Structures are given as C-alpha cells and as structure tokens.
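Numbering (full-length UniProt numbering), first residue to last: 1 to 148.
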C-alpha cells in the first residue's frame with residue numbers, strides 16, 4: 001500500500017501500480033481506516049481512496065491511446081455481468097469502499113465483496129485497480145470533467 005498519489009507521490013504511484021501495489025490511501029486516514037485497509041489488502045482485495053482513483057483516472061486519460069482515435073471497445077465479458085455486478089463495479093470505479101457501497105445499496109459488505117470478485121473474475125481483472133481501469137476503458141464510466 002502507498003500514500004494517496006498527489007503531487008509528491010505521483011512518481012511513486014507510477015512505479016507502484018505496475019510493480020503490483022494493491023492499495024493507495026490518503027495521508028490523513030484514521031488508524032481504524034488504515035487497519036481496515038491492511039485487512040482488505042491482506043484478504044486479497046485492492047483498495048483505492050477516492051483521491052487515488054481520481055489520480056489513476058486522470059493519468060489514464062492523459063495518456064493518448066496508441067493508433068487512431070476510436071470509440072473505446074467494450075471490455076470482453078462486460079455483457080456477462082449481472083446488473084448488480086455492474087452497479088457495484090460503477091460504485092467501485094467511483095472510488096467507493098466496500099463499506100460505502102454496502103451502505104448505499106443496503107447490502108452486507110460480504111455481498112459487495114462477492115459482487116466485486118465475480119466481476120473481476122468475469123472480466124479477467126487481477127485486482128480492484130484493474131477493475132476500475134476496465135470500467136473507464138469500456139466506457140461504463142466517464143471522468144468527471146471537474147476533477148482533472
């Protein structure tokens with residue numbers, strides 16, 4: 001896990017994600033939030049704070065795709081997701097934690113984790129960060145123009 005990739009942490013984040021980092025947190029998290037994040041990553045899940053999600057998306061969108069500009073292709077398997085898996089994937093891509101998603105959708109955290117894991121399996125994503133990138137690459141999510 002690493003700190004939220006703000007101005008000073010951008011270079012570390014650029015190295016950490018390809019090296020396999022499974023989480024990014026803000027600098028001002030509480031001890032309880034940090035411990036929960038460690039448990040989440042230790043359980044094999046990934047965790048991105050909203051700030052880290054925005055930074056990842058901004059970096060992704062700032063990198064021009066190779067070749068001619070075309071509409072983003074749908075991620076293979078996106079059509080295989082259930083409506084609930086798509087809904088959970090969108091909320092995860094928006095930077096929400098499993099706890100926040102569970103509260104918003106009136107589900108248990110375990111159910112949310114199951115939906116995230118099933119979506120990852122169907123799309124071939126190795127972790128939550130890849131799931132977020134797929135949500136944006138496929139056009140399921142689009143960046144908020146006010147957060148660049």
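Where a beta carbon is used, it is the ideal one built from N, C-alpha and C, also for glycine.
Quick caveat, the model's predicted, so the values are computed rather than measured.
Excluding the five sequence neighbours on either side, which residues of its own chain have a C-beta within less than 7 Å of the C-beta of residue i, listed in chain order?
i           : result
residue 154 : Residue 154 lies beyond the residue range present for the chain, which begins at 1 and ends at 148; the question has no answer from this structure.
residue 125 : 131, 134
Mark residue i as exposed unless 16 or more other C-beta atoms lie within 10 angstroms of its C-beta, in which case mark it buried.
i           : result
residue 104 : exposed
residue 32  : exposed
residue 131 : buried
residue 91  : buried
residue 20  : exposed
residue 115 : buried
So if DSSP puts residue i in a beta bridge, which residue, or which two residues, is it bridged to?
i          : result
residue 86 : BP columns for residue 86 are empty, so no partner.
Please work out which residues of its chain come closer than 8 Å, Cβ to Cβ, to residue i, disregarding the five sequence neighbours upstream and downstream, and give them in chain order.
i          : result
residue 83 : none
What is the residue span of the alpha helix (DSSP H) that residue i lies within?
i           : result
residue 115 : 109-123
residue 34  : 31-42
residue 99  : 98-105
Determine, using beta carbons only, whether residue i comes closer than 8 Å to chain B.
i          : result
residue 60 : Protein chain content of the structure displayed is limited to a single chain, and chain B is not contained in it.
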